[in-house]
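A short worksheet on the structure shown next.
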Amino acid sequence: MRTYAIGDIHGQFDLLRAAHARIAADRKRTGDNDAPVIHVGDLVDRGPDCAGVVRYLREGIARGKPWVVLKGNHDRMFSAFLDDPAETDPGLRRTLSYLHPAIGGAATLESYGVRHPADRPVAKVHADALDKVPAEDRAFLAALPLWHRRDGMLFVHAGIRPGVALGDQVEDDLVWIRGPFLDYPYDHGFTVVHGHTAVHAPEHHGNRVNIDTRAAYGGPLTAIVIEDGAVSVLTDDGRQALHPGDGTAQDV
(Lines of atoms letter the chains of each structure in order from A and count residues from 1; the text may use other names and numbers.)
(Lines give C-alpha, C1' and ligand atoms only; values in the text may rest on other atoms or scores of the structure.)
Protein backbone atom coordinates (compact mmCIF):
# COMPACT_ATOMS: atom_id res chain seq x y z
CA MET A 1 0.00 0.00 0.00
CA ARG A 2 1.07 3.54 -0.71
CA THR A 3 0.03 6.67 1.19
CA TYR A 4 1.01 10.31 0.73
CA ALA A 5 1.00 12.92 3.48
CA ILE A 6 1.52 16.69 3.65
CA GLY A 7 2.50 18.72 6.71
CA ASP A 8 1.09 21.88 8.27
CA ILE A 9 0.08 24.32 5.50
CA HIS A 10 -0.76 27.57 7.34
CA GLY A 11 -2.16 29.44 4.36
CA GLN A 12 0.79 28.77 2.06
CA PHE A 13 -1.30 28.01 -1.03
CA ASP A 14 1.61 28.16 -3.48
CA LEU A 15 3.57 25.66 -1.38
CA LEU A 16 0.53 23.39 -1.18
CA ARG A 17 0.13 23.33 -4.95
CA ALA A 18 3.85 22.62 -5.30
CA ALA A 19 3.54 19.72 -2.83
CA HIS A 20 0.63 18.32 -4.83
CA ALA A 21 2.73 18.66 -7.98
CA ARG A 22 5.49 16.55 -6.41
CA ILE A 23 2.89 13.95 -5.51
CA ALA A 24 1.52 14.03 -9.05
CA ALA A 25 5.04 13.43 -10.41
CA ASP A 26 5.49 10.48 -8.06
CA ARG A 27 2.12 9.08 -9.15
CA LYS A 28 3.25 9.32 -12.78
CA ARG A 29 6.47 7.46 -12.04
CA THR A 30 4.65 4.68 -10.19
CA GLY A 31 1.43 4.53 -12.20
CA ASP A 32 -0.58 5.23 -9.04
CA ASN A 33 -3.78 7.25 -9.16
CA ASP A 34 -5.60 5.99 -6.10
CA ALA A 35 -3.36 6.31 -3.03
CA PRO A 36 -4.78 8.87 -0.60
CA VAL A 37 -3.13 12.15 0.31
CA ILE A 38 -3.43 12.86 4.04
CA HIS A 39 -3.13 16.52 5.09
CA VAL A 40 -2.29 16.61 8.81
CA GLY A 41 -4.08 19.87 9.60
CA ASP A 42 -3.41 23.54 10.30
CA LEU A 43 -4.73 24.76 6.98
CA VAL A 44 -5.07 28.31 8.26
CA ASP A 45 -3.38 31.15 10.21
CA ARG A 46 -0.12 33.03 9.67
CA GLY A 47 0.12 32.52 5.90
CA PRO A 48 -1.13 34.76 3.07
CA ASP A 49 -3.91 32.69 1.45
CA CYS A 50 -5.72 30.64 4.06
CA ALA A 51 -9.02 31.10 2.23
CA GLY A 52 -7.49 29.74 -0.96
CA VAL A 53 -6.14 26.67 0.85
CA VAL A 54 -9.50 25.85 2.43
CA ARG A 55 -11.42 26.33 -0.81
CA TYR A 56 -8.91 24.28 -2.85
CA LEU A 57 -9.06 21.32 -0.47
CA ARG A 58 -12.82 21.48 0.01
CA GLU A 59 -13.53 21.67 -3.70
CA GLY A 60 -10.99 18.97 -4.53
CA ILE A 61 -12.61 16.53 -2.13
CA ALA A 62 -16.03 17.43 -3.55
CA ARG A 63 -14.72 16.52 -7.02
CA GLY A 64 -13.64 13.10 -5.79
CA LYS A 65 -9.93 13.66 -5.16
CA PRO A 66 -8.51 10.96 -2.84
CA TRP A 67 -7.66 13.52 -0.19
CA VAL A 68 -8.11 13.37 3.57
CA VAL A 69 -7.85 16.59 5.58
CA LEU A 70 -7.41 16.38 9.35
CA LYS A 71 -8.24 19.00 11.95
CA GLY A 72 -5.40 20.99 13.49
CA ASN A 73 -5.50 23.28 16.49
CA HIS A 74 -5.46 26.38 14.26
CA ASP A 75 -8.39 25.08 12.22
CA ARG A 76 -10.27 24.52 15.47
CA MET A 77 -9.44 28.01 16.73
CA PHE A 78 -10.67 29.59 13.50
CA SER A 79 -13.97 27.71 13.71
CA ALA A 80 -14.34 28.62 17.39
CA PHE A 81 -13.73 32.31 16.70
CA LEU A 82 -16.50 32.30 14.12
CA ASP A 83 -18.83 30.56 16.59
CA ASP A 84 -18.00 32.78 19.58
CA PRO A 85 -15.08 35.26 19.60
CA ALA A 86 -15.21 35.47 23.40
CA GLU A 87 -14.24 31.83 23.82
CA THR A 88 -10.59 30.86 24.35
CA ASP A 89 -9.33 27.50 23.13
CA PRO A 90 -8.38 25.25 26.09
CA GLY A 91 -4.94 24.80 24.55
CA LEU A 92 -4.15 28.53 24.65
CA ARG A 93 -2.87 30.56 27.55
CA ARG A 94 -5.66 32.77 28.86
CA THR A 95 -3.64 35.85 27.87
CA LEU A 96 -3.86 34.92 24.20
CA SER A 97 -6.73 35.20 21.77
CA TYR A 98 -7.28 34.13 18.18
CA LEU A 99 -6.29 37.61 16.94
CA HIS A 100 -3.06 37.74 18.95
CA PRO A 101 -0.05 38.09 16.58
CA ALA A 102 1.43 34.85 17.92
CA ILE A 103 -1.58 32.91 16.66
CA GLY A 104 -1.93 34.47 13.22
CA GLY A 105 -5.70 34.56 13.01
CA ALA A 106 -5.66 38.05 11.51
CA ALA A 107 -3.97 36.66 8.39
CA THR A 108 -6.78 34.15 7.97
CA LEU A 109 -9.49 36.80 8.26
CA GLU A 110 -7.65 39.14 5.88
CA SER A 111 -7.49 36.37 3.28
CA TYR A 112 -11.28 36.26 3.40
CA GLY A 113 -11.52 40.00 2.86
CA VAL A 114 -11.97 41.15 6.47
CA ARG A 115 -10.34 44.57 6.76
CA HIS A 116 -7.82 45.37 9.50
CA PRO A 117 -8.84 42.54 11.85
CA ALA A 118 -6.13 43.37 14.36
CA ASP A 119 -7.00 47.06 14.64
CA ARG A 120 -10.77 47.20 15.16
CA PRO A 121 -13.18 46.14 17.90
CA VAL A 122 -13.55 42.37 18.01
CA ALA A 123 -17.34 42.55 17.67
CA LYS A 124 -17.06 44.38 14.35
CA VAL A 125 -14.34 42.06 13.10
CA HIS A 126 -16.48 39.07 14.03
CA ALA A 127 -19.52 40.48 12.24
CA ASP A 128 -17.44 41.02 9.10
CA ALA A 129 -16.01 37.51 9.35
CA LEU A 130 -19.48 36.00 9.51
CA ASP A 131 -20.33 37.91 6.36
CA LYS A 132 -17.15 37.06 4.46
CA VAL A 133 -16.41 33.42 5.33
CA PRO A 134 -18.58 31.12 3.18
CA ALA A 135 -20.89 28.74 4.98
CA GLU A 136 -19.35 25.91 2.93
CA ASP A 137 -15.91 26.64 4.38
CA ARG A 138 -17.26 26.78 7.92
CA ALA A 139 -19.05 23.44 7.50
CA PHE A 140 -15.95 21.87 5.93
CA LEU A 141 -13.68 22.95 8.79
CA ALA A 142 -16.15 21.94 11.48
CA ALA A 143 -16.47 18.44 10.04
CA LEU A 144 -12.73 17.68 9.69
CA PRO A 145 -11.79 14.33 11.24
CA LEU A 146 -9.21 14.14 13.99
CA TRP A 147 -7.24 11.14 12.76
CA HIS A 148 -6.92 8.64 9.94
CA ARG A 149 -5.51 5.13 10.20
CA ARG A 150 -4.08 3.20 7.28
CA ASP A 151 -1.63 0.33 6.77
CA GLY A 152 0.07 0.43 10.18
CA MET A 153 0.19 4.22 10.27
CA LEU A 154 -1.87 6.69 12.27
CA PHE A 155 -2.13 10.20 10.86
CA VAL A 156 -3.02 12.94 13.33
CA HIS A 157 -2.26 16.63 13.76
CA ALA A 158 -0.33 16.83 17.04
CA GLY A 159 0.01 13.30 18.36
CA ILE A 160 -1.64 10.98 20.87
CA ARG A 161 -1.61 10.45 24.61
CA PRO A 162 0.69 7.43 25.16
CA GLY A 163 -0.97 4.44 26.78
CA VAL A 164 -4.50 5.58 25.94
CA ALA A 165 -6.55 3.53 23.48
CA LEU A 166 -7.23 5.32 20.21
CA GLY A 167 -10.97 5.31 20.84
CA ASP A 168 -10.41 6.99 24.23
CA GLN A 169 -8.15 9.80 23.00
CA VAL A 170 -9.49 13.31 23.60
CA GLU A 171 -9.55 16.06 20.99
CA ASP A 172 -7.43 18.48 23.04
CA ASP A 173 -4.54 16.01 22.96
CA LEU A 174 -4.97 15.10 19.28
CA VAL A 175 -4.64 18.73 18.20
CA TRP A 176 -2.37 20.17 20.93
CA ILE A 177 -0.18 17.55 22.65
CA ARG A 178 3.59 17.89 22.68
CA GLY A 179 5.83 16.73 25.55
CA PRO A 180 4.19 13.49 26.70
CA PHE A 181 3.93 12.33 23.09
CA LEU A 182 7.19 13.70 21.69
CA ASP A 183 9.22 12.32 24.60
CA TYR A 184 7.69 8.83 24.49
CA PRO A 185 10.27 6.41 23.03
CA TYR A 186 8.21 3.23 22.80
CA ASP A 187 6.04 1.59 20.18
CA HIS A 188 2.42 2.79 19.98
CA GLY A 189 1.25 -0.23 18.01
CA PHE A 190 1.45 1.89 14.85
CA THR A 191 3.70 4.63 13.50
CA VAL A 192 2.25 8.10 14.13
CA VAL A 193 2.62 10.65 11.31
CA HIS A 194 2.04 14.14 12.66
CA GLY A 195 2.77 17.84 12.45
CA HIS A 196 2.12 20.64 14.99
CA THR A 197 5.66 20.80 16.42
CA ALA A 198 7.72 22.75 13.90
CA VAL A 199 11.15 21.37 12.98
CA HIS A 200 13.64 22.36 10.32
CA ALA A 201 13.52 19.06 8.44
CA PRO A 202 11.25 16.00 8.58
CA GLU A 203 12.13 13.63 11.39
CA HIS A 204 11.71 9.87 11.71
CA HIS A 205 11.85 8.68 15.32
CA GLY A 206 10.82 5.09 14.68
CA ASN A 207 7.52 5.33 16.52
CA ARG A 208 6.58 8.68 14.92
CA VAL A 209 7.32 10.86 11.89
CA ASN A 210 7.12 14.66 12.16
CA ILE A 211 6.38 16.48 8.89
CA ASP A 212 5.76 20.07 10.12
CA THR A 213 8.74 21.81 8.56
CA ARG A 214 7.95 25.43 9.38
CA ALA A 215 5.91 26.47 6.34
CA ALA A 216 4.29 28.99 8.70
CA TYR A 217 7.69 30.62 9.27
CA GLY A 218 9.16 30.60 5.78
CA GLY A 219 10.18 26.95 5.71
CA PRO A 220 9.24 24.33 3.13
CA LEU A 221 6.02 22.34 3.05
CA THR A 222 6.93 18.67 3.30
CA ALA A 223 5.21 15.94 1.33
CA ILE A 224 6.09 12.31 2.04
CA VAL A 225 5.18 8.94 0.61
CA ILE A 226 4.91 5.80 2.71
CA GLU A 227 5.18 2.49 0.91
CA ASP A 228 5.54 -0.94 2.56
CA GLY A 229 6.41 0.84 5.81
CA ALA A 230 9.25 2.84 4.28
CA VAL A 231 9.05 6.65 4.43
CA SER A 232 10.43 8.92 1.71
CA VAL A 233 10.38 12.69 1.34
CA LEU A 234 9.23 13.87 -2.08
CA THR A 235 11.59 16.36 -3.72
CA ASP A 236 11.70 17.95 -7.16
CA ASP A 237 14.19 15.21 -8.08
CA GLY A 238 12.16 12.30 -6.75
CA ARG A 239 12.14 10.36 -3.48
CA GLN A 240 14.60 10.82 -0.65
CA ALA A 241 14.53 8.06 1.97
CA LEU A 242 13.78 9.07 5.55
CA HIS A 243 15.08 6.42 7.92
CA PRO A 244 14.44 5.97 11.66
CA GLY A 245 16.91 8.19 13.46
CA ASP A 246 16.95 10.82 10.71
CA GLY A 247 16.33 14.41 11.79
CA THR A 248 17.17 16.27 14.95
CA ALA A 249 14.47 18.15 16.84
CA GLN A 250 15.01 21.88 17.09
CA ASP A 251 12.90 24.35 19.00
CA VAL A 252 11.50 27.18 16.86
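Under our numbering, the first residue of the sequence shown is numbered 2, with each subsequent residue one higher.
Ideal Cβ placement from N, Cα and C applies to all residues, glycine included.
- Around the Cβ of residue 117, a 10 Å sphere holds fewer than 16 other Cβ atoms; the residue is exposed.
- Secondary structure of residue 233 (DSSP, three-state): strand.
- Residue environment for residue 244: exposed (fewer than 16 other C-beta atoms within 10 angstroms of its C-beta).
- With distances taken between CA atoms, residue 10 lies nearest to 222 out of 242, 238, 222.
- Straight through space, the alpha carbons of residue 105 and residue 46 are spaced by roughly 5 Å.
- The beta-bridge partner set that DSSP reports for residue 223 is empty.
- When DSSP reads this structure, residue 5 sits in a beta bridge with 38, 226.
- Judged by beta-carbon spacing, residue 176 lies beyond the 9 Å limit of residue 149, meaning their Cβ atoms are not closer than that value.
- In the displayed model, residue 74 falls within a helix according to three-state DSSP.
- With respect to the 9 Å criterion, residue 174 and residue 161 are classified as neighbours on the basis of their beta carbons.
- In the DSSP assignment, residue 242 falls within the unbroken beta strand (DSSP E) covering 239-243.
- Approximately 11 Å separates the beta-carbon atoms of residue 58 and residue 51; this is outside 8 Å, ruling out the contact.
- Taken through DSSP and simplified to helix, strand or coil, residue 127 comes out as helix.
- Residue 238 and residue 24 have their C-alpha atoms some 12 Å from each other.
- The beta carbons of residue 5 and residue 234 sit about 11 Å from each other, so the pair does not count as a contact at 8 Å.
- The beta carbons of residue 184 and residue 198 sit no closer together than 9 Å.
- For residue 195, the enclosing beta strand (DSSP E) covers residues 192-195.
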